[in-house]
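So for the sequence shown, the UniProt record's numbering puts the first residue at 1; every next one is plus one. Right, one structure below, let's go through it.
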Amino acid sequence: MKNTLEGKVAVVTGGASGIGLAIAKTFTENGASVIITDLQQENLDKAVAVIGKDGIGIVANVSKLKDMEAVYQQVMAKFGKLDTVVANAGLGDHGPLGTITEEQYDRTFNTNVKGVLFTVQPAVPLMKPGGTIIIIGSTGSVNPPRGMSIYGGSKAAVRNFIRSWVQDTKGTGIRFNVLSPGAIDTESLRNALEKAHGRDQVEAGVKSMGADTPAGRIGTTDEIGQVALFLASEASSFITGVEIFADGGLTAI
Numbered sequence: 001m002k003n004t005l006e007g008k009v010a011v012v013t014g015g016a017s018g019i020g021l022a023i024a025k026t027f028t029e030n031g032a033s034v035i036i037t038d039l040q041q042e043n044l045d046k047a048v049a050v051i052g053k054d055g056i057g058i059v060a061n062v063s064k065l066k067d068m069e070a071v072y073q074q075v076m077a078k079f080g081k082l083d084t085v086v087a088n089a090g091l092g093d094h095g096p097l098g099t100i101t102e103e104q105y106d107r108t109f110n111t112n113v114k115g116v117l118f119t120v121q122p123a124v125p126l127m128k129p130g131g132t133i134i135i136i137g138s139t140g141s142v143n144p145p146r147g148m149s150i151y152g153g154s155k156a157a158v159r160n161f162i163r164s165w166v167q168d169t170k171g172t173g174i175r176f177n178v179l180s181p182g183a184i185d186t187e188s189l190r191n192a193l194e195k196a197h198g199r200d201q202v203e204a205g206v207k208s209m210g211a212d213t214p215a216g217r218i219g220t221t222d223e224i225g226q227v228a229l230f231l232a233s234e235a236s237s238f239i240t241g242v243e244i245f246a247d248g249g250l251t252a253i
């Protein structure tokens, strides 16, 4: 699928690390110019060094509409068009029922739900037929583990966004899809395992998480990047309004 995004312009939020960075790198490797957003310029600079000459980093908070409007203004000023948006920025703040605080709820929904809305809404008027919007969801939208109700709820909310948005934008030729990873081998996952169980138990923890899937392992960020590439390309031209689970078969059992 080389050069399937040749000449395209894409915005990837939360693109300085993990899945977002892998998607941005996959896009540039296949011909796109990519603008990534994140909260810290230092992290963006490091990510752009990885992405290469076709990457640009812009500091923005996805939960702030004015921030995202400013991002798109810069994109249009430089490139004159916008072909793909990946709403990847997100976070998890967990706790079982009875312990959830107002701060946890606000932080999660501001980023994972309001942030998706404010990433997508100002982008749509700038896009032409054939444009693609990909929202990064989670298996937590259908199967949240214990203690992850606010995270799972936030991901279920953006799935319902898509159900409505494909109707709101009927006739525009813009496609909307949700890409929901399962457990993915990222630095943040390994840091969480180290914090919970100690550094010497990280590899065992990664292996244990994968053992519950039909694939027998967790996924890689590059694998999620390839699914995003498919959804952003003409290869998926008749796919819209769906949630694709890239989870090693976890949600199938």
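Ideal Cβ placement from N, Cα and C applies to all residues, glycine included. Remember, it's a predicted structure, so these values are computed and weren't measured experimentally.
(message) Going by the DSSP bridge assignment, what does L179 pair with across the sheet?
(response) L179 is bridged to I136 and I244.
(message) Tell me which residue opens and which closes the alpha helix (DSSP H) that L63 is part of.
(response) The sequence given here has Ser at residue 63, not Leu. From DSSP, S63 is part of no alpha helix (DSSP H); its letter is neither H nor E.
(request) Can you grab the Cα-Cα spacing for the pair K66 / V9, in whole Å? (result) Rounded to whole angstroms, K66 to V9 spans 21 Å at the Cα level.
(message) In the DSSP output, which residue or residues are listed as bridge partners for D38?
(response) V59
(request) Check whether the stretch 217 to 229 touches the stretch 6 to 23, taking contact to mean three or more Cβ pairs, one atom from each stretch, closer than 8 Å. (result) yes
(request) For V50, collect the residues of the same chain with a Cβ closer than 7 Å to its Cβ; drop the 5 residues on either side in sequence, then sort them by chain order. (result) L21 and K25
(request) Out of V34, T221, T4 and D93, state which residue places its alpha-carbon closest to the alpha-carbon of K81. (result) V34
(message) What would DSSP say about M1, mapped onto helix, strand or coil?
(response) Confidence at M1 is low in this model, with a pLDDT of 43, below 50, so its placement is unreliable and the value that follows should be read with caution. DSSP places M1 in coil when its eight states are reduced to three.
(request) Tell me whether S149 sits in a helix, a strand or coil according to DSSP, three-state version. (result) helix
(message) Suppose the cutoff is 7 Å on Cβ atoms and the five residues either side in sequence are ignored; what does the same chain contact list for M209 look like?
(response) Close CB contacts of M209 within its chain, under the 7 Å cut and outside five residues either way in sequence, are with A183 and I218 (chain order).
(message) Can you list, in chain order, the residues of its chain with a C-beta nearer than 6 Å to that of E42? Leave out the 5 residues immediately preceding and following it.
(response) none
(request) Could you tell me whether the Cβ atoms of G55 and T28 are closer together than 8 Å? (result) yes
(request) Output yes or no for whether 8 Å exceeds the beta carbon distance between Y151 and T108. (result) yes
(message) Let me confirm a value: A77 is counted as buried when at least 16 other C-beta atoms fall within 10 Å, else exposed. Which label applies?
(response) exposed
(message) What does DSSP give as the partner residue(s) for A10 in the beta ladder?
(response) V34 and T84
(message) Looking only at its chain, what residues have a beta carbon closer than 7 Å to the beta carbon of L97, apart from the 5 residues adjacent to it on each side?
(response) S149
(request) Identify every residue that forms a DSSP beta bridge with I239. (result) Answer is none; I239 lacks a bridge partner.
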